[in-house]
């Protein structure tokens, strides 16, 4: 995850442009891991950082702190935040508690629990999370998943009849959320937004996330399921910085997520379609995801129940450099606005559990979207091979190298990276030879 350029650089940028929230302050890093966010807080002027980490990564974090001469400023605490006692209240809480579909891994609950240490009017980085949901059409994906269980159609596999398991195999395949990326044009309507204000939410609000949805269809076609992505807002005293996993933005290690319906639903342009999302927290640090799509006033309805803990990873690749800009509006909403859409007013306040709603970014006009595939950040994507006709290099396993970016100087300047080769890089010197460093 540290090699996810968009993620890591956005966190650092959000802190450095909001030094007023860190300079001379006491900071709590929840789920510190390697401690990278704690180091960023010190770079932004923090007086002291409590880095709390429950796993054995805590000892490695402490080793990094000592090696960088910051043992007097970064205090590593091995343990769960729920069982930790701090000697003082903190001014700012930082964390990277995000999983697929925003809520997977249930780390946000721990992040919210940490507010017991936050001073009144303290800051949280990130401050808000916006989950976006849109109906999508992808016949190839649907057929790909539908064909997988056909192995179990064998009536004599080495003399054994497998057909009794075909139905179970189908259900198991469709229970898997698809973690990949897609072109925004595959979405048949503008997304609905479900806002979460981390400063106001409680842990209990995330046990059952119940989201009614309504879409105005902009393109006729089959709805094969619901697509999900999220934007994070770092609302500092000086600037608001956004980290987006939108299909219109450079790809992160979170990608996007698509949940298939068991049966497609055909819809017409201009038609209003209702849908529903329910996420139920389970004991496996994840969620059972229930989705449905229906035509209001008819019996047409398709549903599915998926296991977010067991996704299917389906990747592609393309390189594009991210752009870091301060903006009060999320990248997703900027995209819709730039294409002539008019969004409804957005309520960023959290809603009580019994009144949970979504903001419907409806009443849009369909637009024609051209161009290549989705933008993918090289810090997240493993290489798929070398092009024998082009001299370039790419990183294996997501290793960062500034020359992966369209603007190497920008990457090197913002991340403090060297333009030299990095561990794990494959370098093509010509069409006939390559070397690994």
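In my numbering, the protein residues as written are 1 to 437. Using N, Cα and C, we set each Cβ at its ideal position, and we do this for glycine too. Here the structure is a predicted model, which is why all the values come from computation and not from measurement.
- A straight-line Cα-Cα distance of about 8 Å links residue 198 and residue 124.
- Taking one beta carbon from each stretch, the region 183-192 and the region 132-148 have 3 or more pairs nearer than 8 Å; the two touch.
- Sorting 14, 267, 2 and 99 by C-alpha distance to the C-alpha of residue 240 places 14 at the top.
- Counting C-beta pairs closer than 8 Å gives three or more between the region 303-312 and the region 272-291, which meets the contact rule.
- Contact annotation: the region 110-122 touches the region 78-93, with at least three C-beta pairs closer than 8 Å.
- The alpha-carbon separation between residue 149 and residue 171 amounts to approximately 9 Å.
- Under the three-state reduction of DSSP, residue 243 is assigned to strand.
- Following the DSSP letters along the chain, one finds residue 28 inside the beta strand (DSSP E) bounded by residues 26-30.
- Under the rule that a run must span 3 or more residues, the beta strand (DSSP E) segments found entirely inside the region 228-284 read 240-244, 256-267 and 272-281.
- Residue 11 sits close to residue 40, with the two beta carbons spaced by under 8 Å.
- Selection 250, 233, 276 and 157 evaluated against residue 213 yields 276 as nearest (Cα-Cα).
- Listed in chain order, the beta strand (DSSP E) runs fully inside the region 86-148 are 90-95, 118-125 and 128-136, counting runs of at least 3 residues.
- By the Cβ neighbour-count rule, residue 130 is buried, with 16 or more other Cβ atoms within 10 Å of its own.
- If you ignore the 5 residues before and after residue 152, its C-beta comes within less than 7 Å of the C-beta of 162, 163, 165, 166 and 169, all in its own chain and listed in chain order.
- Sixteen is the threshold: when 16 or more other Cβ atoms of the shown chains lie within 10 Å of the Cβ of residue 95, as they do, the residue is buried.
- Distances from the alpha-carbon of residue 331 to those of 232, 115 and 2 put 232 closest.
- Beta-bridge partners assigned by DSSP to residue 214: 274.
- Between the region 255-274 and the region 196-211, the count of C-beta pairs closer than 8 Å stays below three; the two stretches do not touch.
- The DSSP-derived three-state label of residue 75 is strand.
- Within its own chain, the residues whose Cβ lies closer than 6 Å to the Cβ of residue 71, once the five positions on either side in sequence are excluded, are 65, listed in chain order.
- The criterion of a C-beta distance shorter than 8 Å is satisfied by residue 27 and residue 92.
- In the structure shown, the three-state DSSP call for residue 171 is helix.
- A check of alpha carbon separations from residue 261 across 245, 224, 278 and 248 identifies 224 as the nearest.
- A distance below 7 Å between beta-carbons, with the five flanking residues on each side excluded, links residue 142 to the following residues of its chain, in chain order: 224, 260 and 264.
- Judged by DSSP in its simplified three-state form, residue 311 adopts coil rather than helix or strand.
- In the DSSP annotation of this structure, residue 47 is not part of any beta strand (DSSP E), being labelled neither H nor E.
- Assignment of residue 296 by DSSP, reduced to helix, strand and coil, places it in the coil class.
- Beta-bridge partners of residue 290 (DSSP): 278 and 305.
- Linking residue 186 to residue 138 through their CA atoms gives a straight-line distance of about 7 Å.
- Of the other Cβ atoms in all chains shown, 16 or more fall within 10 Å of the Cβ of residue 97; this residue is therefore buried.
- In this structure, residue 58 sits near residue 78, with a CB-CB distance shorter than 8 Å.
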